[in-house]
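In this note's numbering, the protein residues as written are 3 to 148.
Rendered as structure tokens:
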């Protein structure tokens, strides 16, 4: 039996299994108003998908949005940072996972406004919405449609 080949195969298998789990466990720092219930629901959504969440409550998020480079037309009720990316608003955890796996050159993802049916904004009559990938220059492109 070739123990070297077996060891290499087991190491490769461990990487295939463990790397996605490690990416999912990346800590997210979310900046939100202490009075926003939907922001708390989004935090729960992210926790339910394996993320460690650090919440920073602030009365005014204007400075955070400016510091993280979120263009005004893309702004929503909370701003999060994970692994060097900005997550603005009610972005689904599956899109965050895809972002962390693909690692595109971008500032981050945004769901502008607060569309009904997005994570944390569940309710009757969900609206279709887009998740946007945005750049440091403020440009954005559709990342996913929901």
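No residue lacks a Cβ here, since even glycine has one placed at the ideal position from N, Cα and C.
In this text, all values refer to a predicted model and were calculated from it rather than measured experimentally.
What's the C-alpha gap between residue i and residue j?
i: residue 77; j: residue 68; result: 10 Å
i: residue 124; j: residue 114; result: 16 Å
i: residue 24; j: residue 74; result: With a pLDDT of only 44 at residue 24, under 50, the local geometry of the prediction cannot be trusted, and the value read off the model is given with reservation. Taking the straight line from one Cα to the other gives about 32 Å.
i: residue 14; j: residue 104; result: Low per-residue confidence applies at residue 14: pLDDT is 42, beneath 50, and the placement is therefore not dependable, though the value from the model is reported in the following sentence. If I take the Cα positions, the gap works out to 19 Å.
i: residue 30; j: residue 54; result: 6 Å
i: residue 140; j: residue 129; result: 25 Å
i: residue 70; j: residue 88; result: 7 Å
i: residue 142; j: residue 85; result: 20 Å
For residue i, list the residues DSSP reports as bridge partners.
i: residue 147; result: 132
i: residue 58; result: 33
On the CB-based measure, 16 or more other CB atoms within 10 Å of its CB, does residue i come out buried or exposed?
i: residue 34; result: buried
i: residue 145; result: buried
i: residue 131; result: buried
Below 8 Å on the Cβ atoms is my contact criterion, and I expect residue i with residue j to pass it. Report the Cβ-Cβ distance as a whole number of Å.
i: residue 109; j: residue 133; result: At roughly 14 Å, the Cβ-Cβ gap does not stay under 8 Å, so residue 109 and residue 133 are not in contact.
Secondary structure, beta strand (DSSP E): runs of 3+ residues fully inside the region 72-124: 81-84, 87-91 and 110-113
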